[in-house]
Amino acid sequence: MASGGDGAEASGGRRVLVVGGGIAGLGAAQRLCRHPAAQHLRVLEATARAGGRIRSERRFGGVVEVGAHWIHGPSQGNPVFQLAAEYGLLGEKELSKENQLVETGGHVGLPSVCCTSSGARVSLELVAEMASLFYGLIDQTREFLHATETPVPSVGEYLKKEISQQVTGWTENEETRKLKLAILNTFFHVECCLSGTHSMDLVALAPFGEYTVLPGLDCTFSGGYQELTNCIMASLPKDVMIFNRPVKTIHWNGSFREGTFPGETFPVLVECEDGSRLPAHHVIVTVPLGFLKEQQNTFFDPPLPAEKAEAIRKIGFGTNNKIFLEFEEPFWEPDCQLIQVVWEDTSPLQDTAPSMQDAWFKKLIGFLVLPPFGRSVHVLCGFIAGLESEFMETLSDEEVLLSLTQVLRRVTGNPQLPAPKSVLRSCWHSAPYTRGSYSYVAVGSTGDDIDLLAQPLPVDDSSTQLQILFAGEATHRTFYSTTHGALLSGWREADRLIGLWDLQSQQPRPRL
898 MASGGDGAEA SGGRRVLVVG GGIAGLGAAQ RLCRHPAAQH LRVLEATARA GGRIRSERRF
958 GGVVEVGAHW IHGPSQGNPV FQLAAEYGLL GEKELSKENQ LVETGGHVGL PSVCCTSSGA
1018 RVSLELVAEM ASLFYGLIDQ TREFLHATET PVPSVGEYLK KEISQQVTGW TENEETRKLK
1078 LAILNTFFHV ECCLSGTHSM DLVALAPFGE YTVLPGLDCT FSGGYQELTN CIMASLPKDV
1138 MIFNRPVKTI HWNGSFREGT FPGETFPVLV ECEDGSRLPA HHVIVTVPLG FLKEQQNTFF
1198 DPPLPAEKAE AIRKIGFGTN NKIFLEFEEP FWEPDCQLIQ VVWEDTSPLQ DTAPSMQDAW
1258 FKKLIGFLVL PPFGRSVHVL CGFIAGLESE FMETLSDEEV LLSLTQVLRR VTGNPQLPAP
1318 KSVLRSCWHS APYTRGSYSY VAVGSTGDDI DLLAQPLPVD DSSTQLQILF AGEATHRTFY
1378 STTHGALLSG WREADRLIGL WDLQSQQPRP RL
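Just add 897 to wherever you are in the sequence shown, counting from 1, and you've got the working numbering.
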């Protein structure tokens, strides 16, 4: 009999199940496959494809990113960048030393053109001045990390308090002052997209500085981000991935017997929606936090310990969506990269609750111009976060196309602007196994909650160890919300298991 009395070694290795085939789950599986003890490894993916929130689609004659868009901080400390380089997925520019040394501070670059909702062009000098003010304040918010107390609970409240003090010193005419506030309002919306939140008032101020920005100018994959997850998947033995196998309940801390393994008992039994039951010694859960928030009461049996369940409730998880618009002819200049939209008569200092039906699109930050896919294919990518983004998901493609055609006619001042040929959008909040985009540290939570979420079960060491392990972007204290945070978390949990196995293999076995 093996140590621990669970018969693992008797049948030649540990049975490990990874729940979720995103980059965290794939990264964990790749690491585990290299260990001789992990002879029975399966990745259970609820959908028909791997990659999770990395999702590249062939559309418009090219590849568009419905999910993750950039490698944030592509430099030596970023494992996604290193892996992509190893697999030969990046170009010379992306791999260049110059690119790796750029310090962006995590801030988005300035727009090529900025238009108001009435069709006026905003001077880029004024936009740069407001960007400098806004990002200067964002940098200040990071300094509260080790402060004994914070002046206000949220990033949003801090920014608004500081901006209202600045406004008193503005000497321009009222029209310019109002325009400056409207520009700042757009920057608030940009920050909501970056943080994956409805409002910066929901983002906790004290831990905000714990998120770590890596050096490097954010870059993309010319062949699609999913090439990376495809490469990882291709390195796995052929029977490891099981698709279209959503998990219903993870039964743990038990002593389960399965007919297929006579004489063996397992501490964990994974029950799938299709009725299949898979026993395991260890399960690595890599599902998105949005799914855990919705399903945690039925997903674990027995229920999670109170403090872990509380951490799941407290950590923030919001929605950031993209809307791609395809045009016959570009209405923008050839060198244009980012079109910023400023809604006049908006201000971060005014709390307005717009009616979703008529005003959801006011949360759009503007449009990224995608590199042209061909002579006649021109695509813009709009970004929108929060409740407005979730409302957008409830509309039809036709309604979204109509609304954005009207928006573009307003901002270009051209009522005859041809409507886009087609629309494609992400709907991450409606996706049943995702329920949003990515995590943030919400008011009322701290980095300790992220560590709590990452803690394996059971918490005490008395029973069978490491039955359920947790990975995914929301479990990484300093890189939450990123693909590199997700990948590192998958590696972390694989290493945790390997550490246990190596320790157990050194222990003398009890004699029969």
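Cβ atoms here follow ideal geometry from the backbone N, Cα and C, with glycine treated the same way.
Determine the extent of the alpha helix (DSSP H) in which residue i is found, giving its start and end residues.
i: Q1404; result: That residue, Q1404, is in no alpha helix (DSSP H); it is neither H nor E in DSSP.
i: L1091; result: 1071-1092
i: S1300; result: 1294-1309
i: L980; result: 976-983
i: Q1254; result: 1253-1256
Looking only at DSSP bridge pairs, what is residue i linked to?
i: C1012; result: R1018, V1238
i: V1167; result: I1147, L1175
i: Y1337; result: G1213
i: E991; result: E991 pairs with nothing; no bridge assigned.
i: G919; result: G948
i: L1354; result: I1365
i: A1101; result: S1051
i: Q960; result: Note on identity: in this sequence residue 960 is Val, with Gln being the wrong assignment. In DSSP, V960 forms a bridge with R955.
i: M1138; result: V940
i: L914; result: R939, V1180
i: I893; result: Any question about residue 893 goes unanswered here, given that the chain covers just 898 to 1409.
i: C930; result: Paired residues: none, contrary to the question.
i: I968; result: C1116
For residue i, decide whether its Cβ has a neighbour in chain D, counting only Cβ atoms nearer than 8 Å.
i: F1118; result: The displayed structure is made up of one protein chain only, and chain D is not part of it.
What is the rounded straight-line gap between the Cα of residue i and the Cα of residue j?
i: W967; j: L1175; result: 36 Å
i: R1154; j: G1283; result: 46 Å
i: F1214; j: H1095; result: 10 Å
i: L1350; j: E1040; result: 25 Å
i: H1004; j: D1198; result: 42 Å
i: Y1108; j: T1375; result: 4 Å
i: G902; j: L1354; result: Note that G902 scores a pLDDT of 39, beneath 50, so its modelled location is shaky; the value from the coordinates is reported in the next line. Those two C-alpha atoms are separated by around 18 Å.
i: V977; j: P1312; result: 44 Å
i: E1088; j: V1340; result: 16 Å
i: C1128; j: A921; result: 14 Å
i: I1395; j: F1367; result: 15 Å
i: G1093; j: C1324; result: 14 Å
i: V1110; j: G970; result: 7 Å
i: D867; j: W1388; result: The shown model of the chain, from 898 to 1409, leaves out residue 867, and the question about it has no answer.
i: N1194; j: A1044; result: 36 Å
i: L1186; j: A1371; result: 6 Å
i: R1018; j: E991; result: 32 Å
i: Q1362; j: C930; result: 20 Å
i: E983; j: Q973; result: 12 Å
i: M898; j: D1358; result: Because the pLDDT at M898 is just 31, under 50, the model does not fix this residue reliably, and the point stays unresolved.
i: T1146; j: S1293; result: 34 Å
Determine the extent of the beta strand (DSSP E) in which residue i is found, giving its start and end residues.
i: T1146; result: 1144-1148
i: S1061; result: Premise fails: S1061 lies in the alpha helix (DSSP H), 1052-1064, not in any beta strand (DSSP E).
i: A1282; result: 1275-1282
i: I1220; result: 1217-1224
i: F1188; result: That residue, F1188, is in no beta strand (DSSP E); its alpha helix (DSSP H) goes 1186-1196.
i: I1365; result: 1365-1367
i: E1124; result: It is not in any beta strand (DSSP E) - E1124 instead sits in the alpha helix (DSSP H) that spans 1123-1131.
i: L938; result: 937-941
i: L1321; result: 1319-1322
i: V1266; result: 1263-1266
By Cβ distance below 8 Å, which residues in the same chain neighbour residue i in space, the five residues on each side in sequence not counted?
i: S1442; result: For residue 1442 there is no data in the structure shown, the boundaries of the chain being 898 and 1409.
i: A1203; result: none
i: H1148; result: V1165, L1166, V1167, E1168, D1198
i: K1057; result: P1245, L1246
i: Q1352; result: K1205, F1367
i: W1030; result: Contrary to the premise, residue 1030 reads as Leu rather than Trp in this sequence. So the qualifying residues of the chain are I1060, Q1063, L1081.
i: K1211; result: A1339, G1341, S1342, D1346
Suppose the cutoff is 6 Å on Cβ atoms and the five residues either side in sequence are ignored; what does the same chain contact list for residue i look like?
i: T1001; result: none
i: E1191; result: R1332
i: G1263; result: I1236, Q1237, V1238
i: V1304; result: F1258
i: Q1123; result: G948, I951, S953
i: P1104; result: V1338, T1343, G1344
i: G924; result: L1384, G1387, W1388
i: E962; result: S953, Y1122
i: A1316; result: T1302
Relative to the ligand GTP, is the shortest distance from any of its heavy atoms to the C-beta of residue i smaller than 7 Å?
i: L1267; result: The model depicted lacks the ligand GTP and carries no ligand whatsoever.
I'd like the list of long-range same chain contacts for residue i, defined as Cβ closer than 7 Å, with 5 residues on each side in sequence excluded.
i: N1150; result: P1164, P1199, P1355, S1360, Q1364
i: G1382; result: E1370, H1373, F1376
i: L1102; result: T1038, F1041, T1047, V1049, P1050, S1051, V1052, Y1055
Assess, as a yes-or-no matter, whether the segment 909-919 is touched by the segment 927-937 under the definition of 3 or more beta carbon pairs within less than 8 Å.
Cβ pair count under 8 Å is three or more, so yes.
- Query: Does the segment 1270-1282 come close enough to the segment 1216-1223 that 3 or more CB-CB pairs lie under 8 Å?
  - Reply: Counting C-beta pairs with one atom in each stretch, the segment 1216-1223 and the segment 1270-1282 have three or more that are closer than 8 Å, which means they touch.
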